[in-house]
Every structure is written in structure tokens, then in C-alpha cells.
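Numbering (the working numbering), first residue to last: 1171 to 1714.
For glycine and all other residues, C-beta sits at the position ideal for the given N, C-alpha and C.
To start, the structure itself, in C-alpha cells.
Here is the structure:
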């Protein structure tokens, strides 16, 4: 693999600048500081590195090229320490990329310090088919020519675990500042099934024709959670209320006699839902609908648990299609007869959507019901029935609002029902990652089954840093056993666990699995003996 180091210098930029950008973004939560740092990078970097930066911040990460097992072995050997010592160091640090960067000896030389981000990503990708000996040679040679920051970013890339708390919206704002192109235009151009291995900055960002692909979806409009009273929104007649469905947000597109289905995560999921072809067959060209992909069986919407069995499959068999048949609940129209109508009011778009659905109705195309209510009080009562309708709550949309890009406050609100909850006892604790590497912040919880505690879920969010510190002190003083990085603790602390759904599961000892579990609050007022029971959990299955 050493040939990768030869004759591939980038005279304009190098990975050091990207590493410095990574550190800058990681060390601040200030929006303007992040935007300015990114804008400066986009103004100075090579076009190839710009494309990769856009890709990495759009969650288009290269797949893992070297297993973490091998990387740990390489790091121990390169650092001349026993593997067990590296493993212990890793558990303390909590982040593999950082642990490796910290234990490696100082760089030997800087001969290759001008290599670009594009060079390193492509070289890493080439490792996928290499033998382990070649991988070790490449990785250790790379470590020798990098300082700490570059090693850290390099390790993130090679593990396929590159994540940074920078939203695509913020990245788009910085790119707009650097290029002078509007954020909405950039958001549209960056949507779709493009590959950073093939795309050029000119075609992806600068080309005026970059948004004309037949398959390209529109950026999704996202709602904010309603935390105040709905009556604070003013006259109810100015708002449209609909069920907030518990499915997969998607866009169905029909252009040039081709059809496409995109998820909100910018994943082309057409093959996963072949039933939706019946919609595309009858829709006119130049139609784009926004809505929810759900399981629709025996004339009613089913919960997310059944839909989950359809996700991530490249091929869907007849048996599965019969068990979990798919439909599309349309609630907005974004393109009509080839014209982008997002700037028109919701009232206009809704009327146009109704005409489309009425004219081209199929069993798989369902028009989202507008909930009729004369006052906010009656809508509050209707919201309480959400779970009976397999919904998460109610969506509130201003009738005169356009369809915008990304999360905007004021026009779209999600008014979800309160989550399910149960009090549980913490029985295991593990150190966290990143800034929480020195805290025990990942917990396993149990409920009572007669006189035994049965583990049923894990959670690692919902407490303040101060509370995580308190729990950590408790863990250190009340450890019963150690299992690598995990400690079993005296079953004493009780926490209220919130979750969005529950399903039966033969894979779990408890017989149930939760959806989106998190810590709602620390029940310091409740002894472990008064925590919830497995019977209570199973009773909640009837609500799903």
C-alpha cells in the first residue's frame, strides 16, 4: 500500500487544516463561530476537500475500512505497549480514535504533511480489500507523519465513525456565506443520491442545473415541538390540524415516467416499498408528495413495530408484504405539473393535493385527514385519543405558510402526547464517550418480576452533568462486580424511564423492547422496592 504515499501531493490545501476545523467545531457550541469557521474553510480549501467536508457533515461517511479489533492491535504495537494496557486506556478515554491518538509516539517526520483530505479518504477506502498486513503498514505509516489532531481525525475516518454535532442546516449556511448562493438553493442541490467519490464541487454546488435530476427530492420541512399552550397560537381557524403519524417520513416522486421514494434521512428507499409503485403508475409526471410511509392493514393504520420489520431490506418477499403491507399517507404537495409550489400557502397546496388524490386514488395512497375542531379545548381532547389511532399526537400547520427547508419555528408544530413511563432500578453502569468518558453515564435498568430484578432497557440521556457526576460517585462506592468497562452496582437508585412505544420481543429476557428510551427524571423520593414491575410493562403492550 506504500504506493499510495507517492506523487499525490495537493499544492493548495492539506488535512491539517481540516483537522484544525474539526477541533474548532468540536470545541464550541456557538453558532456564529461554527458558521464562520466553516465558511473560512469553504473559501480556502480545494474543491475536492470541500466536497468531502460537505459529505461528512451530510452523513455520507465512508464505510469502515479497518476493524476496530485490528486498529487496537496496530495501536498497541505502534506504541510498544501490551494490548491489555491499551484496552484499559481506551476504556478510560471512552473514544477509540482519541485513545489511539493519545498513546502513539510523536511523529517521526512531516514529509507527507501536505496530503489533502481527499487523498486520505480515498486511500482509506482503498484499504477495504487489502490484506491485514497491508492495512497495518498503511495505517502505521500514516500515524508516523501526523500530529495529534490529524491522527484523531484520521482515526475517525478509518473507523467509519466520523460524527460531529454540526447540523446540515448550519453547514449549508456556512456554504452560502462562502459562495453567495442562497441557503434554500444549496439545500436543494445537496439533496439526492450523490457520491463524494464522483461528485465535483462545480456540479454539486455551483452548477445551475444541479437540481434538475429526475430523482432529486426537496429538502424536508421540519416542525418544532409545541411546549406552550396551543391557544397561544391564536385563532384556531388559521391552523390545520392532522394526526402525527408514527411512520417514516418520505417523498414520493414521479418525473419523466420514473418513480422514486426518499426518506427524510436522504436515503433512496424505493426498493424497500414496492407497493408504492401502484401510486406512481397513476400519478402524472411532475408530481412530488410529502407524507408518511405506514403499514396499512385491514383498513387501518398499524403501529411502528410492524413497520420496523420492513426496514433495511434490499428485497421484500411476498410473505412479508402480506404481513406488513405498505401505504403512503400524503399530507403535502410540493410539485404540481412539474412546477415547484412550495412557496404557495399550505391552503393552496392542500387543495391541489386533494385534487391529485381524488383523481388518482389507489389503495396505497391515502389522504391525511384534517381534524375538524371549533376550539383548542376540543382539540386537546382529540389529542388524548392519539394512541388509539396509532398516532404520536397532532401536527399543527399554519394555513398561510409556505413549505420551507429544514427546521423553522413558527409555522409547523408537533404536539405529541406524553410518553409512556415506568420507574426502574439501575443495576449496571458503564463509562460514557467523548466529554463523558470519565463519567458513568450509560445505564442498564431493571423492573421487578416477583422478587427478582429483570433488566429491560438501557438509557444514557436525560440527566444533567451534575446528576451524572452524582451517579458516578455512587457507582464507584457501590460497585459489586466489574465486567471490563461495565460495573454491576447495588440496586438502589430509581429513575423514571420515558419511552415512545413498547413491543413484545423474544430476544430480550424481559420479553419486551422499548422505543426511544431515555431517563425522564431521577426518583430520589422512591426506594428500589417501589420501582415498577414487569407486569406493568406488559400491560402497556395492550396500548400499542
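In DSSP terms, what residue i is bridged to
i	result
residue 1566	1411, 1583
residue 1658	1598, 1651
residue 1590	1669
residue 1689	1667
residue 1624	1617
residue 1200	Residue 1200 pairs with nothing; no bridge assigned.
residue 1536	1499
residue 1576	1391
residue 1248	DSSP lists no partner for residue 1248.
residue 1425	1428
residue 1684	1672
residue 1629	1613
Check whether residue i and residue j have beta carbons under 8 Å apart
i	j	result
residue 1516	residue 1568	yes
residue 1330	residue 1233	yes
residue 1354	residue 1209	no
residue 1537	residue 1500	yes
residue 1370	residue 1357	no
residue 1590	residue 1672	yes
residue 1306	residue 1244	yes
residue 1656	residue 1693	no
residue 1644	residue 1609	no
residue 1648	residue 1641	no
residue 1427	residue 1455	yes
residue 1269	residue 1259	yes
residue 1584	residue 1403	no
Under the three-state DSSP convention, the category residue i falls into
i	result
residue 1504	strand
residue 1613	strand
residue 1281	With a pLDDT of only 49 at residue 1281, under the threshold of 50, the placement of this residue in the model should not be trusted; the figure read from the coordinates follows. In this structure, residue 1281 counts as coil in the three-state DSSP scheme.
residue 1523	helix
residue 1317	coil
residue 1462	strand
residue 1433	strand
residue 1369	coil
residue 1440	helix
residue 1510	strand
residue 1496	strand
residue 1386	coil
residue 1419	strand
residue 1205	helix
residue 1677	coil
residue 1239	helix
residue 1557	helix
residue 1490	helix
residue 1336	coil
residue 1300	coil
residue 1467	strand
Straight-line gap, residue i to residue j (C-alpha atoms, nearest Å)
i	j	result
residue 1227	residue 1336	7 Å
residue 1420	residue 1247	48 Å
residue 1512	residue 1572	6 Å
residue 1377	residue 1352	13 Å
residue 1193	residue 1553	45 Å
residue 1627	residue 1698	16 Å
residue 1364	residue 1687	34 Å
residue 1372	residue 1218	10 Å
residue 1634	residue 1668	16 Å
residue 1276	residue 1197	23 Å
Residue nearest to residue i in terms of C-alpha spacing, selected from the options
i	options	result
residue 1313	1301, 1302, 1299, 1328	1328
residue 1368	1610, 1230, 1599, 1206	1230
residue 1617	1661, 1350, 1656	1661
residue 1601	1614, 1594, 1591	1614
residue 1215	1444, 1189, 1635, 1316	1189
residue 1566	1586, 1269, 1559	1586
residue 1322	1185, 1594, 1262, 1579	1185
residue 1558	1413, 1271, 1320, 1255	1413
residue 1294	1276, 1635, 1663, 1325	1325
residue 1736	1685, 1289, 1705, 1204	For the chain, the structure presents residues 1171 to 1714; residue 1736 sits outside this window and is missing.
residue 1708	1399, 1681, 1437	1681
residue 1519	1510, 1528, 1433, 1503	1503
residue 1446	1657, 1423, 1636	1423
residue 1691	1670, 1700, 1666	1666
residue 1333	1385, 1609, 1223, 1345	1223
residue 1349	1220, 1629, 1244, 1285	1220
residue 1525	1475, 1453, 1480, 1240	1453
residue 1387	1685, 1510, 1563	1510
residue 1400	1621, 1450, 1411	1411
residue 1255	1267, 1242, 1265	1242
residue 1441	1486, 1450, 1463, 1406	1486
residue 1389	1653, 1398, 1361	1361
residue 1470	1406, 1451, 1535, 1345	1535
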